[in-house]
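Protein chains: 2
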Amino acid sequence: VKNFILADQPSLIAMDWGSTKVRAYLMHQSGSVLERKESEDGATRIAEGGVEAFETAFSRLTSEWSLTYPNLAVILCGMVGSRHGWREAPYLYCPTAISELHKGAVAPSETMKSKAWILPGLAMLNGNTFDVMRGEETQVCGILTKMTELNTACTVVLPGTHSKWVRVRNGCIESFRTYMTGEIFDLMLRHSVLRLQLVKSESFDPVAFEKGITYAERKERLELSAQLFSLRAEGLLTQVVPNELTEMLSGLLIGKEIHAELPNILPEEDVVIVGEEAVAKRYEFALKRRGLHPLMPVFDAAVAGMWNQACHAGLLG
Amino acid sequence: VKNFILADQPSLIAMDWGSTKVRAYLMHQSGSVLERKESEDGATRIAEGGVEAFETAFSRLTSEWSLTYPNLAVILCGMVGSRHGWREAPYLYCPTAISELHKGAVAPSETMKSKAWILPGLAMLNGNTFDVMRGEETQVCGILTKMTELNTACTVVLPGTHSKWVRVRNGCIESFRTYMTGEIFDLMLRHSVLRLQLVKSESFDPVAFEKGITYAERKERLELSAQLFSLRAEGLLTQVVPNELTEMLSGLLIGKEIHAELPNILPEEDVVIVGEEAVAKRYEFALKRRGLHPLMPVFDAAVAGMWNQACHAGLLG
Chain H
944 VKNFILADQP SLIAMDWGST KVRAYLMHQS GSVLERKESE DGATRIAEGG VEAFETAFSR
1004 LTSEWSLTYP NLAVILCGMV GSRHGWREAP YLYCPTAISE LHKGAVAPSE TMKSKAWILP
1064 GLAMLNGNTF DVMRGEETQV CGILTKMTEL NTACTVVLPG THSKWVRVRN GCIESFRTYM
1124 TGEIFDLMLR HSVLRLQLVK SESFDPVAFE KGITYAERKE RLELSAQLFS LRAEGLLTQV
1184 VPNELTEMLS GLLIGKEIHA ELPNILPEED VVIVGEEAVA KRYEFALKRR GLHPLMPVFD
1244 AAVAGMWNQA CHAGLLG
Chain A
944 VKNFILADQP SLIAMDWGST KVRAYLMHQS GSVLERKESE DGATRIAEGG VEAFETAFSR
1004 LTSEWSLTYP NLAVILCGMV GSRHGWREAP YLYCPTAISE LHKGAVAPSE TMKSKAWILP
1064 GLAMLNGNTF DVMRGEETQV CGILTKMTEL NTACTVVLPG THSKWVRVRN GCIESFRTYM
1124 TGEIFDLMLR HSVLRLQLVK SESFDPVAFE KGITYAERKE RLELSAQLFS LRAEGLLTQV
1184 VPNELTEMLS GLLIGKEIHA ELPNILPEED VVIVGEEAVA KRYEFALKRR GLHPLMPVFD
1244 AAVAGMWNQA CHAGLLG
């Protein structure tokens, strides 16, 4: 009986701690998730409160688990490790072997040393092009851990506020590039001269979306800042309605991102899209149009990545 | 004595009525400005109040003049003629002869008919690229009126929130293109993830500005949305300070605009920059770097344009 109980013991708290949200998982030693909690104490939101705010937010979310199971290890990823996070886990520079992310991990505090680790983000310097990520590297780790059938050369696309295109070669993140696609979309919708011509909608209008994509594919060299204004003018001069114009904006932004990245993708590569279903489906649509067949995993890539890194780091004994 | 007084009589009120500001000029029949008034009743700001708000704003600024000189003609340009302005003056489509702008003018109201005109804006449809302007066409008219030595092929650059590049051929506005350069700069500064790394400054740092321009000139195909995020990353990974990063952002945005427009400029063309001194100087700097020698008139192009159109329209008797 005792053995049975021990085998059922949780062994890890994994926390995906982003800018706006925290997701905490109580994990069994097999890697399965036993419980899940969430809070709005995102790293950006509580940054002003300093270390104490992070400690409080951590306790609030996990103390129940820690009291019940006193010896849980803890692994964290995301903005919690930024300069304004709980404690800074300095960036590792690309290329970085996915299995070695944990080598850049830091403990949130002295008292948590050896039982809690914040995973580092990745940085890149290519000529004068700089780039950073925090959290996505752990998701990529999760993808490679669980999708063992992937080609050794693959591209992982992580759409969102700051969309990442991550080039993986033989288990290494070789390079990546970030597009402010989601943020620019949001800025246009909320703060720009276009805002009164746009409308936030949950539905998907593939015809208008595809029209926006074709705008992104013009042979003529057109700058984004000109194409955004052209959408405004189209709204003024034609019968296009706000919902359509919003879809066209989405298609334009995603289309430009994809158009710029396609030349970097080799014919034999697998392409994996990791993100919320609604936005991932838009990228899938746009990539299929260009002859690609992206994979869309349904598991939680961050959880899988944290679990993998906790194992590599020896956190699970 | 009477003749002398008559000759000194003002004959026109010219109003440059933009989104955020109104500038009114009392003009002598020789075309010189006798008095100047300004208000914050921009068309966007008072649009909610409808026609009455425009009538009130107009009276407030001009009634003193009208009472003293009862038979003044009135000419207006800018957003006052938009759909949400005083009265809509529908766009004329390019190509349009500069001398014929007034043919699309409308009276603000029935009672003001034949003594007051709102000049129209210009629209363009080129393939699926749409564009509009309101007010800049009148500035271009003023430029051509006063700078009679210009080549018959010239490009007028009007930097600002929405920068315009206007191609003029033999007295016609053949086409134009708008870049949301100023607005994107402002959105980044005030609302984006970059906002804490940037700072609004009146000074000019040519070294950092030029660095931003070189980022815009990369041979590698880089999307604006990626380059904006790269600036953020550079701010995180290097010792660059907010003032420098802000200059680099300015250089990047202006540089991309110029880089896209340069192929459209013929070797024999004159290039004229019309805008506020601080921003005009940045465009001058960036264009000189590319071997161009832009002209920078110091007169008020809008006033000159309105005067010219009032003459053409027969408003001055």
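Line by line, the protein sequences are chains H and A.
Residue 1052 in this note's numbering sits at position 109 of the first sequence; the count goes up by one each step and never skips.
Residue 1131 in this note's numbering sits at position 188 of the second sequence; the count goes up by one each step and never skips.
Where is the CB? At the ideal position from N, CA and C, for every residue including glycine.
Owing to the predicted nature of the structure, the values given are computational and were not obtained by experimental measurement.
Original post:
Using CA coordinates, which residue listed in ASP959(H), THR1081(H), GLN972(H) and LEU1035(H) is at the minimum distance from PHE1001(H)?
Top reply: In the first sequence, the residue the question calls residue 1001(H) occupies position 58. When only C-alpha atoms are compared, the closest one is ASP959(H).
**OP:** Please determine if the segment 1130 to 1140 of chain A and the segment 1069 to 1086 of chain H are in contact, where contact requires at least 3 C-beta pairs separated by less than 8 Å.
**Re:** no
Original post:
Is the distance from the Cβ of SER1106(A) to the Cβ of MET1022(A) below 7 Å?
Top reply: Within the second sequence, the letter at position 163 stands for residue 1106(A). Within the second sequence, the letter at position 79 stands for residue 1022(A). Their beta carbons are not under 7 Å apart, which means SER1106(A) does not touch MET1022(A) by this criterion.
**OP:** Taking a Cβ distance cut-off of 7 Å, strictly less, list which residues of the segment 1104 to 1136 of chain A are near chain H, in chain order.
**Re:** HIS1105, ARG1120, THR1121, TYR1122, MET1123, THR1124, GLU1126, ILE1127, LEU1130, HIS1134, SER1135 and VAL1136
Subject >> Cβ-Cβ distance between ILE1061(A) and ALA1032(A) below 7 Å >> reply: Walking along the second sequence from the start, residue 1061(A) turns up at place 118. Walking along the second sequence from the start, residue 1032(A) turns up at place 89. In this structure, ALA1032(A) lies closer than 7 Å to ILE1061(A) by Cβ.
Original post:
Ordered along the chain, which non-local residues of its own chain (more than five positions away) have a Cβ less than 7 Å from that of GLU1211(H)?
Top reply: Locating residue 1211(H) in the first sequence gives position 268, counting from the first residue. ASN1094 and ALA1096, listed in sequence order.
**OP:** Give the single residue among LEU1195(A), MET1090(A) and VAL1099(A) whose Cα lies nearest to the Cα of THR1157(A).
**Re:** Sequence index remark: in the second sequence, residue 1157(A) carries index 214 (1-based). Selected option, being the one with the closest Cα: LEU1195(A).
**OP:** Out of ASN1251(A), LEU1180(A) and CYS1254(A), state which residue places its alpha-carbon closest to the alpha-carbon of TYR1034(H).
**Re:** On the first sequence, position 91 is the one that residue 1034(H) refers to. Of the listed residues, the one whose Cα sits closest to TYR1034(H) is LEU1180(A).
**OP:** Output the distance between the C-alpha atoms of GLU1163(A) and GLY1078(A), rounded to the nearest integer angstrom.
**Re:** Taking the first residue of the second sequence as 1, we reach residue 1163(A) at position 220. Taking the first residue of the second sequence as 1, we reach residue 1078(A) at position 135. Computed Cα separation, rounded: 37 Å.
Original post:
Which residue or residues does DSSP assign as beta-bridge partners of ILE1018(H)?
Top reply: Start at 1 with the first residue of the first sequence, and residue 1018(H) comes out as number 75. For ILE1018(H), which the question treats as bridged, DSSP gives the partners ALA957(H) and TRP1060(H).
Original post:
What distance in whole Å lies between the Cβ atoms of GLU981(H) and LEU1167(A), which are believed to be in contact at a cut-off of 8 Å?
Top reply: Sequence index remark: in the second sequence, residue 1167(A) carries index 224 (1-based). Sequence index remark: in the first sequence, residue 981(H) carries index 38 (1-based). Not quite, the Cβ-Cβ distance comes to about 34 Å (not below 8 Å), so this is no contact.
**OP:** Give the residues of chain H in contact with ALA1050(A), contact being defined as C-beta atoms less than 8 Å apart.
**Re:** Taking the first residue of the second sequence as 1, we reach residue 1050(A) at position 107. Simply none; closest approach about 22 Å.
Subject >> Three-way DSSP call (helix, strand, coil) for ILE1208(A) in this model >> reply: On the second sequence, position 265 is the one that residue 1208(A) refers to. If DSSP states are grouped into helix, strand and coil, ILE1208(A) belongs with coil.
Subject >> Burial state of ALA1221(H) (16 or more Cβ within 10 Å) >> reply: One-based indexing of the first sequence puts residue 1221(H) at position 278. The residue is exposed, with fewer than 16 neighbouring Cβ atoms inside 10 Å.
Subject >> Chain-ordered chain A contacts of SER1193(H) [CB-CB under 9 Å] >> reply: Along the first sequence, read from residue 1 onward, the residue named residue 1193(H) stands at position 250. Those within 9 Å of SER1193(H) in chain A number zero; the least Cβ separation is about 13 Å.
Original post:
Which partner residues of CYS1115(A) appear in the DSSP bridge assignment?
Top reply: As a working note, residue 1115(A) is residue 172 in the second sequence. Answer by DSSP bridge pairing, in chain order: ALA1040(A) and ARG1112(A).
Original post:
Should THR1072(H) be flagged as near chain A, meaning a C-beta pair shorter than 7 Å?
Top reply: In the first sequence, residue 1072(H) corresponds to position 129, counting from 1. Chain A contact via Cβ: present.
Original post:
Three or more beta-carbon pairs under 8 Å between the segment 992 to 1009 of chain H and the segment 1039 to 1049 of chain H, yes or no?
Top reply: no
Subject >> Amino acids of chain H, ordered along the chain, whose beta-carbon sits closer than 8 Å to that of VAL1142(A) >> reply: Stepping through the second sequence from its first residue, residue 1142(A) is reached at position 199. Near VAL1142(A) there are no residues of chain H at all, since even the closest Cβ is about 18 Å away, more than 8 Å.
Original post:
In chain order, which alpha helix (DSSP H) runs of at least 4 residues are fully inside the segment 1122 to 1207 of chain A?
Top reply: 1124 to 1134, 1149 to 1159, 1167 to 1180 and 1185 to 1204
Original post:
If contact means a Cβ-Cβ distance below 9 Å, which residues of the segment 1149 to 1178 of chain H contact chain A?
Top reply: LYS1154, THR1157, TYR1158, ARG1161, GLU1163, ARG1164, LEU1165, GLU1166, LEU1167, SER1168, ALA1169, GLN1170, LEU1171, PHE1172, SER1173, LEU1174, ARG1175, ALA1176, GLU1177 and GLY1178
**OP:** Using 10 angstroms around the beta-carbon of ARG1026(H), count the other beta-carbons present and answer buried if the total reaches 16, otherwise exposed.
**Re:** In the first sequence, the residue the question calls residue 1026(H) occupies position 83. Classification for ARG1026(H): exposed.
**OP:** Between the Cα of VAL1183(H) and those of VAL1150(H), ASP1213(H) and ASN1207(H), spot the shortest distance and give me the residue it belongs to.
**Re:** One-based indexing of the first sequence puts residue 1183(H) at position 240. Here the closest residue by C-alpha is VAL1150(H).
Subject >> Partners in chain A for ALA1066(H), counting only beta-carbon separations shorter than 9 Å >> reply: Counted from its first residue, the first sequence places residue 1066(H) at position 123. Residues of chain A passing the Cβ test: ALA1176, LEU1179 and LEU1180.
Original post:
Is there at least one Cβ from chain H nearer than 7 Å to VAL1100(A)'s Cβ?
Top reply: For the purposes of this step, residue 1100(A) is taken as residue 157 along the second sequence, with counting starting at 1. VAL1100(A) does not count as touching chain H.
Original post:
Counting along the chain, where does the alpha helix (DSSP H) carrying TYR1034(H) start and finish?
Top reply: Here residue 1034(H) is taken as the residue at index 91 of the first sequence, counted from 1. Looking at the DSSP string, TYR1034(H) is not in any alpha helix (DSSP H), and its letter there is neither H nor E.
**OP:** Round the Cβ separation of LEU1259(H) and SER1042(H) to the nearest angstrom and send it over; I've been treating them as touching at under 8 Å.
**Re:** Translated into the one-based positions of the first sequence, residue 1259(H) becomes position 316. Translated into the one-based positions of the first sequence, residue 1042(H) becomes position 99. Not a contact, Cβ separation roughly 15 Å.
Subject >> Test: LYS1089(A) CB closer than 7 Å to a CB of chain H >> reply: As a first step, residue 1089(A) is located in the second sequence; it is residue number 146 there, counting from the start. Not an interface residue.
Subject >> Neighbour list for LEU1196(A) in chain H, Cβ cutoff strictly below 8 Å >> reply: The residue given as residue 1196(A) occupies position 253 in the second sequence. Within 8 Å Cβ-Cβ: SER1168.
Original post:
Of the residues that make up the segment 1211 to 1240 of chain H, which ones have a beta carbon closer than 8 Å to any beta carbon in chain A?
Top reply: none
Original post:
Should ALA1159(A) and LYS1199(A) be called a contact, given that it needs their Cβ atoms to be closer than 7 Å?
Top reply: For this step, residue 1159(A) is matched to residue 216 along the second sequence. For this step, residue 1199(A) is matched to residue 256 along the second sequence. Against a cut-off of 7 Å, the Cβ pair of LYS1199(A) and ALA1159(A) comes out as a contact.
**OP:** Pick out whichever of HIS1255(A), MET1090(A), MET1191(A) and GLU978(A) has its Cα sitting closest to the Cα of LEU1238(A).
**Re:** Walking along the second sequence from the start, residue 1238(A) turns up at place 295. Closest by alpha carbon: MET1090(A).
**OP:** Look up LEU1004(A) in the DSSP assignment and say whether it is helix, strand or coil.
**Re:** Start at 1 with the first residue of the second sequence, and residue 1004(A) comes out as number 61. It is helical.
**OP:** Using a threshold of 7 Å, state whether the C-beta atoms of LEU1171(A) and LEU1141(A) are closer than that.
**Re:** Locating residue 1171(A) in the second sequence gives position 228, counting from the first residue. Locating residue 1141(A) in the second sequence gives position 198, counting from the first residue. The answer is no: Cβ separation not under 7 Å.
**OP:** Rank GLY1234(A), THR1104(A), VAL976(A) and LEU1065(A) by C-alpha distance to the C-alpha of ILE1127(A) and give the top, closest one.
**Re:** Against the second sequence, residue 1127(A) aligns to sequence position 184. The residue with the shortest Cα to Cα distance from ILE1127(A) is THR1104(A).
Subject >> Beta-carbon proximity check, PHE1152(H) vs GLU1092(H), cutoff 7 Å >> reply: Within the first sequence, the letter at position 209 stands for residue 1152(H). Within the first sequence, the letter at position 149 stands for residue 1092(H). Not a contact, by the Cβ cut-off of 7 Å.
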